[in-house]
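End of the sequence shown = 383 in my numbering, gap-free, step of one. Using N, Cα and C, we set each Cβ at its ideal position, and we do this for glycine too. Being a predicted model, the structure only gives us computed values, none of them experimental.
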Amino acid sequence: MSAADDAGAGGLESFRAKRRRSVVAPQGNLALVNTQWVTGDAGESRRVRGVPGLWSPLPSGLSGLRLTATAADGIRVDEELVDGSVIVAGMDALAPSHIRFSTGRTGTIIADAAGGYALRVWDAQSDGIRAFGSIDAFPWDPEWVIRASFAPLDGDAEVSVAHLHDQGATRQKRLPGEIVVGRDGVEYRLAAFPDGPSLLLVFGDTTNGVYTYGMGRFLRVAPGDDGSVILDFNRAYLPPCAFSYNFNCPIPPARNRLPFAIEAGERNVLAKGGELLH
Numbered sequence: 106m107s108a109a110d111d112a113g114a115g116g117l118e119s120f121r122a123k124r125r126r127s128v129v130a131p132q133g134n135l136a137l138v139n140t141q142w143v144t145g146d147a148g149e150s151r152r153v154r155g156v157p158g159l160w161s162p163l164p165s166g167l168s169g170l171r172l173t174a175t176a177a178d179g180i181r182v183d184e185e186l187v188d189g190s191v192i193v194a195g196m197d198a199l200a201p202s203h204i205r206f207s208t209g210r211t212g213t214i215i216a217d218a219a220g221g222y223a224l225r226v227w228d229a230q231s232d233g234i235r236a237f238g239s240i241d242a243f244p245w246d247p248e249w250v251i252r253a254s255f256a257p258l259d260g261d262a263e264v265s266v267a268h269l270h271d272q273g274a275t276r277q278k279r280l281p282g283e284i285v286v287g288r289d290g291v292e293y294r295l296a297a298f299p300d301g302p303s304l305l306l307v308f309g310d311t312t313n314g315v316y317t318y319g320m321g322r323f324l325r326v327a328p329g330d331d332g333s334v335i336l337d338f339n340r341a342y343l344p345p346c347a348f349s350y351n352f353n354c355p356i357p358p359a360r361n362r363l364p365f366a367i368e369a370g371e372r373n374v375l376a377k378g379g380e381l382l383h
């Protein structure tokens with residue numbers, strides 16, 4: 106192994122150790138026990154599975170949900186005990202609310218593109234965390250560190266993306282550009298979506314459902330100022346829905362389903378006994 110390869114393998118182990126810590130965190134992937142959309146008319150209350158209180162939509166244009174609870178319910182929003190009715194701000198607000206239940210569970214409010222809101226419930230002692238053993242992964246392989254390029258598209262470019270629980274419906278995702286990469290004489294133009302400070306590549310390959318998680322995998326992409334891109338598939342990682350059914354992950358669009366096996370990166374989530382977690 107060359108010095109460069111050794112450095113790459115060492116960096117990968119650090120990356121994987123951070124991943125293992127993150128998925129068992131109090132609001133890590135394995136801690137999510139419910140995502141429940143609160144729909145209907147503003148003020149129309151309903152219960153959310155696994156936690157107390159009544160939750161209702163707010164008027165259009167306002168972020169979050171309304172919570173009605175008594176002190177006996179033991180719900181704290183931003184560390185204040187709720188005894189009455191309060192607005193719980195969503196993660197799309199400038200100051201999102203933090204929710205803590207007396208059971209030790211926590212909550213966050215997420216939004217969708219249509220302006221709807223859901224309560225996510227997190228449990229630091231979830232069944233998933235207690236059963237978790239490891240994230241199975243391929244060993245480091247420098248052959249899967251591939252040079253590519255970023256081709257910008259105009260500001261109106263979009264791609265249709267289906268999600269795991271959307272029953273075939275698609276959502277439009279903004280497409281700032283394509284990742285152009287060659288393999289065995291064939292050029293592929295992959296869609297990568299804006300996601301925080303980087304781009305997210307949601308991809309599939311022929312290992313899915315055989316050696317790796319069936320829905321595909323993710324890879325963070327950060328184009329350089331000159332448009333150069335390094336695709337280090339050793340850092341390909343499992344989507345949140347591989348850890349909890351309560352996530353609704355994007356499915357790789359057709360252009361991102363590669364007709365060859367990428368034997369690098371994370372493979373599956375394993376239980377303590379070595380079997381698939383779910």
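Ends of the beta strand (DSSP E) at G287? 282–288
When we look at the beta-carbon of S107 and count the other beta-carbons within 10 Å, is it buried (16 or more) or exposed? With a pLDDT of 42 at S107, under the threshold of 50, the modelled position of that residue is not reliable, and no figure is offered here.
Using the rule of at least 16 other Cβ atoms within 10 Å of the residue's Cβ for burial, across every protein chain shown, is F120 buried or exposed? exposed
In this structure, what does DSSP give as the bridge partners for R151? W160
What is the rounded straight-line gap between the Cα of A200 and the Cα of L336? 35 Å
Reference D331, options G290, R252, D300, A369, closest by Cα: R252
When burial is assigned at 16 or more other CB atoms within 10 Å of the CB, is G280 buried or exposed? Looking at the sequence provided, one finds Leu at residue 280 rather than Gly. When all chains shown are included, L280 counts as buried.
Nearest-angstrom Cα distance between L295 and L324? 12 Å
Same chain only: Cβ atoms within 7 Å of Q141, ignoring 5 sequence neighbours per side: V153, R154, A223, L224
Hey, would you say A376 sits closer than 8 Å to A177, going by beta carbons? no
With 16 other CB atoms within 10 Å as the buried threshold, where does A219 fall? exposed
Does the Cβ of L381 have 16 or more other Cβ atoms within 10 Å, making it buried, or fewer, making it exposed? exposed
Cβ neighbours of D435 in the same chain (closer than 8 Å, five flanking residues each side left out): The structure shown has nothing for residue 435, since the chain only spans 106 to 383.
Residue nearest to A242 in terms of C-alpha spacing, selected from A341, I284, S168: A341
Neighbour-count burial assignment, P358, 16 or more Cβ in a 10 Å radius: buried
Tell whether a beta-carbon distance below 8 Å holds between S303 and V326. yes
Return helix, strand or coil for N339, following the three-state DSSP convention. helix
Between which two residues does the alpha helix (DSSP H) containing I234 stretch? 232–236
Taking the alpha carbon of R276 as the reference point, which residue from G321, V266, D246 has its own alpha carbon closest? V266
Please list the segments of the alpha helix (DSSP H) lying wholly inside the segment 250–320, counting only runs of 4 or more residues, in order along the chain. none
Please classify P355: does DSSP put it in a helix, a strand, or coil? strand
For M196, which residues of its own chain have a beta-carbon under 8 Å away from its beta-carbon, when the five flanking residues on both sides are left out? T213, I214, I215, A216
K123 classed as buried or exposed, judged by whether at least 16 other C-beta atoms fall within 10 angstroms: exposed
Restricting to Cα atoms, I'd like to know which of T173, A198, G179, P355 is closest to G189. T173
Between which residues of its own chain and L269 is the CB-CB distance below 6 Å, once the five residues before and five after are set aside? C346, N353, C354
So, are the CB atoms of G179 and S161 less than 8 Å apart? no
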